[in-house]
Amino acid sequence: MADGPLRRPRGPHRLGELDLAFLSSYALAMFASGHLADRADLRRFLALGMLASGAATALFGLAFWWDLHSLAFFLAVQIAGGAAQSIGWPCVVAVVGNWFGKSRERGLIFGIWNSHTSVGNILGSVVASSVLEFGWGWSFVVPGLLIAIVGVIVWAFLVVDPRDLGFEAPASAEVEMSDAGNGAVEGLDGEEIGLLGLEKLPDSGSAEAIGFLEAWRLPGVAPYAFCLFFSKLVAYTFLYWLPFYIRHNGVAGKLVSHKTAGILSTIFDVGGVFGGISAGFISDKISARAITSVLFLLLSIPSLILYRTYGSMSMHLNLGLMLLSGYFVNGPYSLITTAVAADLGTQDMIKGNSRALATVTAIIDGTGSVGAALGPLLTGYISTRGWNSVFFMLIVSISFAIIFLIHLAKSELVSKMSEQK
567 MADGPLRRPR GPHRLGELDL AFLSSYALAM FASGHLADRA DLRRFLALGM
617 LASGAATALF GLAFWWDLHS LAFFLAVQIA GGAAQSIGWP CVVAVVGNWF
667 GKSRERGLIF GIWNSHTSVG NILGSVVASS VLEFGWGWSF VVPGLLIAIV
717 GVIVWAFLVV DPRDLGFEAP ASAEVEMSDA GNGAVEGLDG EEIGLLGLEK
767 LPDSGSAEAI GFLEAWRLPG VAPYAFCLFF SKLVAYTFLY WLPFYIRHNG
817 VAGKLVSHKT AGILSTIFDV GGVFGGISAG FISDKISARA ITSVLFLLLS
867 IPSLILYRTY GSMSMHLNLG LMLLSGYFVN GPYSLITTAV AADLGTQDMI
917 KGNSRALATV TAIIDGTGSV GAALGPLLTG YISTRGWNSV FFMLIVSISF
967 AIIFLIHLAK SELVSKMSEQ K
């Protein structure tokens, strides 16, 4: 690619366009993928998505040997890859939800399980960099082959539901999450209504998949989806730009290499692992997902300010504050995309219409992924005005995330206070 579009003066801009193409495709396709997942065989649908993802990833790398330099080719492959990967998240959340039902420890279980995303980020970088010396194409072909192999294993062995093995389904009444936590409030006539003022969906007595617009109307879905838009905007800005930020701001007055900056940036993911587990555990203990999310979001603001102000003063401060920032930024992001989505997709408001989990998950994470695509793009432009402007944008985004959840958090708080009387 020495003479390709990514090595020309506008190469970094082209890389940004490729990232945007992938994330936009992923976000838009997510809505359709979740809708289809509630109607398809999850095992086959997930395996198909993994095989397609592997093919798209490998195809990107094959351009190295084919001596392809067409920007259109790379954009097309990125769009296809984003659409293929969008199949994964709604499917896996639905499968884990099938196995653990409404367990009292659902938040903790999902928090531990969701750590695979951060581990995958770290291992993906290690695998890609370890074969880079043999040619950049291998950095795509090897991960592509790995996900395709795992896709075959999923096709052959994944058990989607415990009932497929003759076990009883997890009891749906184990958990006592308050209705307020799902965004439900009581109307003047005593009838339960959702946050958007919509009546409770009728008990159809069937197991048909819920409609896309019906899923949007479920209590709590819209506010959590828009909260995740801003929360994921912040998280993905760090994912894409943190190595660049460390590289150009230095640590203890010294600039670091690209490799060192990449390794240091993984500490943010490590903090995210502990943040996701902690958020799930706390929300289980207090039975309040919104309050937990708002608390983490509020604490993420001073952690970002501290990291921006003192992070470059020493290596210890950089690592400690980066870990703290990852903890508070990724905590609510992890909680909302897993336990909250599972709660909302299996709530009593859709009793008798149980096949909604993948659709609800897709709506929440799909909306969040739009923010994930927007954050890194905006950072590319705002960073030209200085990194203080970027951190200001991140803090404003977190503030909007809090605003969208403040009503649900208030409802949970009122519910808790009434229980103690």
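For what it's worth, the numbering used here labels the leading residue of the sequence shown as 567, then goes sequentially. C-beta atoms are modelled at their ideal positions from N, C-alpha and C, and glycine is treated no differently.
Terminal residues of the alpha helix (DSSP H) in which residue i lies
{"i": "Val659", "result": "Gly654 to Phe666"}
{"i": "Ser696", "result": "Ser681 to Ser696"}
{"i": "Thr927", "result": "Leu923 to Ile948"}
{"i": "Gly777", "result": "Careful: Gly777 lies outside any alpha helix (DSSP H) and carries neither H nor E."}
{"i": "Trp702", "result": "No alpha helix (DSSP H) contains Trp702, which DSSP labels as neither H nor E."}
{"i": "Leu794", "result": "Val787 to Asn815"}
{"i": "Leu549", "result": "Residue coverage of the chain in this structure runs from 567 to 987, which leaves residue 549 outside it and unanswerable."}
{"i": "Arg609", "result": "Leu608 to Trp632"}
{"i": "Glu671", "result": "Segment: none, Glu671 is in no alpha helix (DSSP H) and carries neither H nor E."}
{"i": "His990", "result": "A query on residue 990 cannot be resolved here, the shown segment of the chain reaching from 567 to 987 and no further."}
{"i": "Ala649", "result": "Leu637 to Gln651"}
For residue i, the nearest candidate out of the options (CA to CA)
{"i": "Ser831", "options": "Leu890, Asp931, Phe778 and Val860", "result": "Leu890"}
{"i": "Leu674", "options": "Ala845, Leu634, Lys982 and Thr858", "result": "Ala845"}
{"i": "Asp607", "options": "Ala854, Ala649, His882 and Val726", "result": "Val726"}
{"i": "Leu887", "options": "Asp633, Cys793, Phe778 and Leu808", "result": "Leu808"}
{"i": "Ile541", "options": "Lys825, Ile968, Trp704 and Gly615", "result": "Limits of the chain in this structure are 567 at one end and 987 at the other, which puts residue 541 out of reach."}
{"i": "Gly937", "options": "Glu734, Tyr802 and Leu689", "result": "Tyr802"}
{"i": "Glu583", "options": "Ser965, Trp631, Leu641 and Arg609", "result": "Leu641"}
{"i": "Asn687", "options": "Ala939, Asn884, Val716 and Ile829", "result": "Ile829"}
{"i": "Leu779", "options": "Leu805, Thr826 and Ala928", "result": "Ala928"}
{"i": "Trp704", "options": "Trp632, Leu974 and Lys976", "result": "Trp632"}
{"i": "Met959", "options": "Ile715, His973, Pro789 and Leu940", "result": "Leu940"}
{"i": "Leu805", "options": "Tyr873, Pro942, Val692 and Thr826", "result": "Pro942"}
{"i": "Leu784", "options": "Leu870, Pro728, Leu971 and Gln913", "result": "Gln913"}
{"i": "Phe733", "options": "Trp665, Val693 and Ala629", "result": "Trp665"}
{"i": "Val658", "options": "Ala629, Trp702, Leu712 and Leu724", "result": "Leu724"}
{"i": "Ser878", "options": "Ser965, Lys820, Ser591 and Arg670", "result": "Lys820"}
{"i": "Lys982", "options": "Ala603, Leu865 and Ser853", "result": "Ser853"}
{"i": "Tyr899", "options": "Gln986, Arg610, Ser935 and Ser669", "result": "Ser935"}
Residue i, buried or exposed, once every other Cβ within 10 Å from all chains shown has been counted against 16
{"i": "Gly763", "result": "Residue confidence is low: Gly763 scores 37 on pLDDT, short of 50, so the model does not pin down where it sits. No coordinate-derived value is stated."}
{"i": "Tyr947", "result": "exposed"}
{"i": "Tyr876", "result": "exposed"}
{"i": "Ser984", "result": "exposed"}
{"i": "Thr903", "result": "buried"}
{"i": "Val980", "result": "exposed"}
{"i": "Glu978", "result": "buried"}
{"i": "Asn954", "result": "exposed"}
{"i": "Ser963", "result": "buried"}
{"i": "Thr950", "result": "exposed"}
{"i": "Asp730", "result": "exposed"}
{"i": "Pro868", "result": "exposed"}
{"i": "Val895", "result": "buried"}
{"i": "Ser652", "result": "buried"}
{"i": "Ser997", "result": "Missing from the structure shown is residue 997; the chain here goes from 567 to 987 and no further."}
{"i": "Arg672", "result": "buried"}
{"i": "Lys798", "result": "buried"}
{"i": "Arg813", "result": "buried"}
{"i": "Gly620", "result": "buried"}
{"i": "Val822", "result": "buried"}
{"i": "Leu971", "result": "buried"}
{"i": "Ala975", "result": "buried"}
{"i": "Gln986", "result": "exposed"}
Integer-rounded CB distance, given that residue j should sit under 8 Å from residue i
{"i": "Leu612", "j": "Gly654", "result": "7 Å"}
{"i": "Phe626", "j": "Phe700", "result": "Their Cβ separation, rounded to whole angstroms, is 16 Å, which puts Phe626 and Phe700 out of contact at 8 Å."}
{"i": "Ala587", "j": "Ile678", "result": "At roughly 33 Å, the Cβ-Cβ gap does not stay under 8 Å, so Ala587 and Ile678 are not in contact."}
{"i": "Gly892", "j": "Val800", "result": "With a Cβ gap of about 11 Å, Gly892 and Val800 do not count as contacting."}
{"i": "Asp909", "j": "Arg855", "result": "7 Å"}
{"i": "Leu901", "j": "Thr858", "result": "7 Å"}
{"i": "Thr933", "j": "Gly600", "result": "Between Gly600 and Thr933 the Cβ distance is about 11 Å, and since that is not below 8 Å, they are no contact."}
{"i": "Val860", "j": "Ile968", "result": "6 Å"}
{"i": "Ala624", "j": "Gly710", "result": "3 Å"}
{"i": "Ala660", "j": "Val643", "result": "Ala660 to Val643, Cβ: 28 Å. No contact."}
{"i": "Ala905", "j": "Phe676", "result": "4 Å"}
{"i": "Gly838", "j": "Ser684", "result": "5 Å"}
{"i": "Ala595", "j": "Gly648", "result": "6 Å"}
{"i": "Ala1007", "j": "Ala922", "result": "One cannot answer for residue 1007 here, as it falls past the ends of the chain, which runs 567 to 987."}
{"i": "Ile833", "j": "Ser681", "result": "That pair is no contact at about 15 Å."}
{"i": "Gly663", "j": "Gly911", "result": "7 Å"}
Residue i beta carbon near the ligand SAM (any heavy atom closer than 7 Å)
{"i": "Asn815", "result": "This structure does not include the ligand SAM; it has no bound ligands of any sort."}
Where are the beta strand (DSSP E) runs, 3 residues long or more, that stay fully inside the stretch 847 to 907, in chain order?
Fully enclosed beta strand (DSSP E) runs of no fewer than 3 residues are not present anywhere in the stretch 847 to 907.
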